[in-house]
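S.K.:
In our numbering, the protein residues as written are 42 to 299.
1) Have a look at 55, 110, 67 and 108 and flag the residue whose alpha-carbon is nearest the alpha-carbon of residue 91.
2) May I have a chain-ordered list of the beta strand (DSSP E) segments no shorter than 3 residues that lie completely inside the segment 177-219?
3) Alpha carbon to alpha carbon, how far is residue 237 from residue 208? Give it in angstroms, no decimals.
4) Between the C-alpha atoms of residue 52 and residue 218, what's the straight-line distance to the nearest angstrom?
5) Along the chain, where does the alpha helix (DSSP H) containing residue 254 start, and where does it finish?
6) What did DSSP end up calling residue 155 once you bin it into helix, strand or coil?
7) If distances are taken between C-alpha atoms only, which option among 48, 105, 93 and 59 comes closest to residue 73?
8) Taking only heavy atoms of the ligand GDP into account, decide whether any of them is closer than 6 Å to the Cβ of residue 211.
9) Starting from residue 91, follow the alpha helix (DSSP H) in both directions and report where the run begins and ends.
10) Would a C-beta distance cut-off of 7 Å place residue 260 and residue 227 closer than the cut-off?
11) Quick check: what's the CA-CA separation for residue 167 versus residue 202?
12) Tell me, please, which residues DSSP counts as bridged to residue 248.
13) Are the Cβ atoms of residue 214 and residue 194 separated by less than 7 Å?
14) Between residue 141 and the rest of its own chain, which residues show a CB-CB distance below 7 Å, the 5 nearest in sequence each way excluded?
15) Could you check how far apart the C-beta atoms of residue 173 and residue 179 are, in whole angstroms? I think they sit under 8 Å.
16) In chain order, what residues of the same chain lie with their CB nearer than 8 Å to the CB of residue 200, ignoring the 5 residues before and after it?
17) So, helix, strand or coil for residue 268, using DSSP?
18) Going by other Cβ atoms of all chains shown within 10 Å of its Cβ, with 16 needed for buried, is residue 146 buried or exposed?
19) Whose CA, out of 216, 101, 46 and 182, lies closest to the CA of residue 274?
20) Quick check on DSSP: helix, strand or coil for residue 50?
21) So, with DSSP's three-state summary, where would you put residue 115?
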């Protein structure tokens with residue numbers, strides 16, 4: 042059986058396998074159960090390497106060794122492999138998060154904080170700005186800004202980005218209300234679920250004719266998007282009370298007309 046090179050390439054990437062592992066697993070899947078010699082013939086992997094590769098796939102959960110002679114291997118169902126890998130990734134992520142949380146209690150973390158404070162003191166607040174690229178980085182910045190707000194959050198979003206932006210708000214709305222943070226959200230189109238969202242979140246949401254995406258925090262910090270793209274978007278973060286309060290004033294003037 043000829044296995045397409047494009048499929049081998051994608052399997053290697055998705056399942057983090059080397060080229061021999063990908064070829065052997067695909068060959069095994071095509072047979073269901075097979076000996077190492079048969080797999081070598083189908084996959085094109087040298088017979089001397091096939092045994093080691095099958096053992097590696099068994100350890101990773103892609104194959105099972107069948108009891109008996111001659112030794113045969115059984116392909117694990119792809120859906121089970123995916124679930125196993127998902128569990129491993131989730132476990133590793135949880136352990137990594139726990140390690141990072143513990144870092145905050147270490148002397149090394151205190152040194153990092155000290156270095157940051159010393160470095161930031163000579164910098165004027167209006168000079169604190171930067172470009173943020175990509176969905177993950179923008180989402181993380183938006184989440185952190187909203188989570189650390191003290192007085193107010195103003196979020197202007199669009200019909201194409203509302204699900205993404207409100208997903209972040211939903212995670213934090215309880216905490217914001219508990220801290221008496223004022224929340225105002227605007228959307229630039231008449232969305233049918235607007236009233237439902239207002240009841241669900243319990244915050245002020247209005248349809249305003251603002252073709253823009255930005256977030257103003259406490260009238261001091263802004264994150265605004267230079268385009269209406271989610272996956273490969275670009276955001277500009279600015280820490281400037283002068284600029285933030287000016288934009289907040291413009292927003293309030295439009296908000297109060299509705």
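Heads up, the beta-carbon is just placed ideally off N, CA and C, and yes, glycines get one too.
M.R.: According to the data block:
1) In the chain shown, residue 91 corresponds to position 50, counting from 1. Nearest C-alpha to residue 91: 67.
2) 193-198
3) Residue 208 sits at position 167 when you count from the first residue of the chain shown. Residue 237 sits at position 196 when you count from the first residue of the chain shown. Rounded to the nearest angstrom, the two C-alpha atoms are 15 Å apart.
4) In the chain shown, counting from the first residue as 1, residue 52 sits at position 11. In the chain shown, counting from the first residue as 1, residue 218 sits at position 177. Straight across, the Cα-Cα distance linking residue 52 with residue 218 is about 46 Å.
5) As a position in the chain shown, residue 254 is number 213, starting the count at 1. Counting along the chain, residue 254 falls outside any alpha helix (DSSP H), and DSSP gives it neither H nor E.
6) Numbered from 1 along the chain shown, position 114 holds the residue referred to as residue 155. Assigned with DSSP and collapsed to three states, residue 155 falls in helix.
7) The sequence position of residue 73 within the chain shown is 32, counting from 1. Checking every option, the nearest Cα to that of residue 73 belongs to 105.
8) Of ligands this structure carries none, so the ligand GDP is not represented either.
9) By 1-based counting over the chain shown, the position of residue 91 is 50. If you look at residue 91, you'll find it in the alpha helix (DSSP H) that goes 88-101.
10) Taking the first residue of the chain shown as 1, we reach residue 260 at position 219. Taking the first residue of the chain shown as 1, we reach residue 227 at position 186. Annotated as distal: residue 260 and residue 227, with beta-carbon spacing of 7 Å or more.
11) The sequence position of residue 167 within the chain shown is 126, counting from 1. The sequence position of residue 202 within the chain shown is 161, counting from 1. Its pLDDT being 46, under 50, residue 167 is placed unreliably by the model, and the measurement read from it follows with that caveat. Taking the straight line from one Cα to the other gives about 28 Å.
12) Working through the chain shown from its first residue, we reach residue 248 at position 207. 228.
13) By 1-based counting over the chain shown, the position of residue 214 is 173. By 1-based counting over the chain shown, the position of residue 194 is 153. Not closer than 7 Å, so no.
14) Translated into positions along the chain shown, residue 141 becomes position 100. Excluding sequence neighbours, residue 141 sits near nothing in its chain.
15) Locating residue 173 in the chain shown gives position 132, where the first residue counts as 1. Locating residue 179 in the chain shown gives position 138, where the first residue counts as 1. About 5 Å separates the two Cβ atoms, so the contact holds.
16) If you number the chain shown from 1, residue 200 lands on position 159. Hits under 8 Å: 228, 229, 230 and 232.
17) Locating residue 268 in the chain shown gives position 227, where the first residue counts as 1. In the three-state reduction of the DSSP assignment, residue 268 falls in the coil class.
18) The residue given as residue 146 occupies position 105 in the chain shown. Counting Cβ neighbours within 10 Å, residue 146 comes out exposed, since fewer than 16 surround it.
19) As a working note, residue 274 is residue 233 in the chain shown. Among 216, 101, 46 and 182, the Cα nearest to that of residue 274 is on 182.
20) Numbered from 1 along the chain shown, position 9 holds the residue referred to as residue 50. It is helical.
21) On the chain shown, residue 115 is found 74 positions in, with the first residue counted as 1. Residue 115: strand per DSSP, three-state reduction.
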